[in-house]
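*Asks:* Counted the way UniProt numbering counts, the sequence shown spans residues 1 to 210.
Below are the structure tokens for one structure; questions will follow.
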Amino acid sequence: MFRVNLQDVSPASSVSSSESDYFGICLHSLLDFVEDEVRSSRPQACLMIATIIIHGATNMYINHSVRANAALTQVYAAYSAFGIGRKVQDWLDAFPSPTIEQILQFINSNLINDLVSRKEAIRRQRIEAEHRRRDELRDGYAKLKDVLPVSRTKFTKVSLLDRASEHISVLRSENTQLSNRIADLEGEIRCLQALNEKLVLASFAPLSNW
Numbered sequence: 001m002f003r004v005n006l007q008d009v010s011p012a013s014s015v016s017s018s019e020s021d022y023f024g025i026c027l028h029s030l031l032d033f034v035e036d037e038v039r040s041s042r043p044q045a046c047l048m049i050a051t052i053i054i055h056g057a058t059n060m061y062i063n064h065s066v067r068a069n070a071a072l073t074q075v076y077a078a079y080s081a082f083g084i085g086r087k088v089q090d091w092l093d094a095f096p097s098p099t100i101e102q103i104l105q106f107i108n109s110n111l112i113n114d115l116v117s118r119k120e121a122i123r124r125q126r127i128e129a130e131h132r133r134r135d136e137l138r139d140g141y142a143k144l145k146d147v148l149p150v151s152r153t154k155f156t157k158v159s160l161l162d163r164a165s166e167h168i169s170v171l172r173s174e175n176t177q178l179s180n181r182i183a184d185l186e187g188e189i190r191c192l193q194a195l196n197e198k199l200v201l202a203s204f205a206p207l208s209n210w
């Protein structure tokens with residue numbers, strides 16, 4: 001399996017510490033992008049980044065070369081799996097070793113902007129989903145409050161749920177009592193109907209003696 005030993009490459013020496021820190025952040029963001037693209041079955045979008053890393057021009061900015069190697073291995077495997085079939089050296093030769101300025105220009109103009117846009121879109125989707133969830137909860141609490149007995153006490157959401165639970169228990173108890181009362185009344189009705197039938201029969205008994 002293809003691997004690149006970045007530690008064997010001599011780092012550039014004309015970059016300041018602040019530039020190094022900035023570029024390190026950018027590069028790790030790009031590694032995130034590479035891994036996302038591979039997982040999303042879009043290996044073609046990784047070509048320039050893989051080229052930058054393989055050439056070693058950014059070696060001094062990579063704190064964890066193991067992760068870079070793993071990302072490149074994934075990229076190369078994805079290229080092979082998708083039948084692109086170009087050997088590593090073929091597409092290395094197609095791009096000259098980039099300068100720091102070219103790399104920064106590429107980062108600022110393309111992938112970082114795309115990556116930020118995608119992350120921002122995901123962030124907005126999550127925020128919108130959370131807003132919808134909160135709206136549904138708020139509407140649910142409002143409906144629940146409307147069906148509970150009127151009270152001037154201001155409830156928290158937790159106390160509102162407790163009160164709703166207590167109210168449901170009271171309603172169940174009242175429903176059981178009403179069901180029992182209905183059963184008792186139905187029994188009394190049957191007794192009265194039976195007594196009425198006996199009285200009716202008794203009222204006709206003297207006539208039968210004539």
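Just so you know, even glycine gets a beta-carbon here, dropped at the ideal spot from N, CA and C.
In whole angstroms, what separates the C-alpha of residue 201 from that of residue 181?
*Replies:* When rounded, the distance between both Cα atoms is 30 Å.
*Asks:* According to DSSP, is residue 44 helix, strand or coil?
*Replies:* Only weak support is given to the placement of residue 44: the predicted model assigns it a pLDDT of 49, under 50, and the value that follows is read from those uncertain coordinates. Helix.
*Asks:* Please report the distance separating the alpha-carbon of residue 158 from that of residue 192.
*Replies:* Rounded to the nearest angstrom, the two C-alpha atoms are 51 Å apart.
*Asks:* Reducing DSSP to helix, strand and coil, say where residue 204 ends up.
*Replies:* Three-state DSSP puts residue 204 in a helix.
*Asks:* Using three-state DSSP, classify residue 154 as helix, strand or coil.
*Replies:* Coil, per DSSP.
*Asks:* Confirm, please, whether the CB-CB distance from residue 149 to residue 131 is below 8 Å.
*Replies:* For residue 131 and residue 149, no; Cβs fall outside 8 Å.
*Asks:* CB-CB under 7 Å to residue 121, same chain, minus the five flanking residues each way: which ones, in chain order?
*Replies:* Contacts found: none.
*Asks:* What's the C-alpha gap between residue 196 and residue 187?
*Replies:* If you take the alpha carbons of residue 196 and residue 187, they lie about 14 Å apart.
*Asks:* CA-CA distance, residue 143 and residue 125?
*Replies:* Approximately 27 Å, taken between the alpha carbons.
*Asks:* Pick helix, strand or coil for residue 148, following the three-state DSSP scheme.
*Replies:* Three-state DSSP puts residue 148 in coil, outside helix and strand.
*Asks:* Leaving aside the five residues before and after residue 204 along the sequence, list all residues of the same chain whose C-beta is less than 8 Å from its C-beta, in chain order.
*Replies:* Hits under 8 Å: none found.
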